Amino acid sequence: MSNRLERLEARLEHLIEGTMARLTAGGFSLSSLASQLAQVMEEGLRVDPHGLQHAPDHYAIRGHPETWGAMLGREPRLQELLAAGLRQVAESQDLRMPRPPQVNLEADPAVPPGAFQVVAWHSTHPLERTHALRVVETQESAHLTPEGAYLIIAGENHFPLQAPVVNLGRAAENQVVLTSPYVSRHHAQLRVRHGRYVLFDLGSKGGTIVNGRRVRQHVLRPGDVISMGGIELIYGEDPGPHGKETGPFTPAMRRHPPAKGED
């Protein structure tokens, strides 16, 4: 990840989660959204003849209808807040925008609940939107999830990974439920990016550890050992048919004391 992308993502995450406390208080984690907004902003940069950098000023965010319904119910000004945040972050990085940014929230039942797909374009080049959407659709149709990806949970439970977004945490709505008080309700998320699973910590109190090192995000490789609240998960890939079904999961014994203030 480039230094600029890291700065953009950090500023967007801080600004979004700071100005939209109603959403974070309602159990929504916006780190995924901040990450994608930062990525499309950087990928869409244009340099004019004077060497000045211009960021996209139009952003379309696709989400499941239930996701938007719940989020807008808590924060009706979501579009305006996101647009203001994008402009503020762009200015902080000396990036120009030809016009005030516009954010469109688009409902798409094909997007998993809680997940987002973001595209961006310049208003001076409207055809960029069509191209960006085609890229997203091509990625979706290509099934870019790593073949045979899986997690071994607590040393014995096999969980195949087949979705582009997988949520992990203590809350029952997660795809991987880790029923330990040391695990946050919405602890981490796996997202497919360029054919690899990327692990994102969702601002958990206890943190996410990979191979003994605390991480904010990490591109997973076979054999990586993940620890959340003392529960150990091993990431693997097996392109061959193993046909092993996911059995009932019983979390590992608690190995570490809970972090102070763990939710």
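Using numbering that gives the first Met the number 0, the first residue of the sequence shown is number 0, and each one after it goes up by one.
All C-beta atoms in this analysis are idealised placements derived from N, C-alpha and C, irrespective of residue type, glycine included.
This structure is a prediction, so every number in the text was calculated from the model and none was measured.
The secondary-structure analysis by DSSP pairs residue 159 across a beta bridge with 149. Per DSSP, the continuous beta strand (DSSP E) segment holding residue 62 begins and ends at 57-62. Runs of the beta strand (DSSP E) lying entirely within the region 172-204, each at least 3 residues long, are 187-192, 195-200 in chain order.
Counting C-beta atoms within 10 angstroms of its own C-beta, residue 207 has 16 or more neighbours from the protein chains shown and is therefore classed as buried. In chain order, 106, 108 place their CB closer than 7 Å to the CB of residue 64, counting only its own chain and leaving out the 5 sequence neighbours on each side.
When beta bridges are read from the DSSP output, residue 207 appears opposite 214, 227.
Leaving aside the five residues that flank residue 116 on each side, the residues in its chain whose CB is nearer than 8 Å to its CB run, in chain order, 35, 60, 61, 62, 107, 110, 135. Under the 10 Å beta carbon count, residue 188 is surrounded by 16 or more other beta carbons and is classified as buried. Non-local C-beta neighbours of residue 42 in its own chain, meaning closer than 7 Å and more than five positions away in sequence, are absent. A Cβ-Cβ separation of about 7 Å places residue 216 in contact with residue 198 under the 8 Å criterion. If you look at residue 78, you'll find it in the alpha helix (DSSP H) that goes 77-91. Straight through space, the alpha carbons of residue 150 and residue 48 are spaced by roughly 49 Å. With a cutoff of 8 Å on beta-carbon distance, residue 58 and residue 9 are scored as not near each other. Per DSSP, the unbroken alpha helix (DSSP H) holding residue 36 starts and ends at 30-42. Here DSSP, grouped into helix, strand and coil, assigns residue 236 to strand.
For residue 167, the secondary structure class from DSSP, reduced to helix, strand or coil, is strand. One Cα belongs to residue 236, the other to residue 219, and the distance between them is close to 10 Å.
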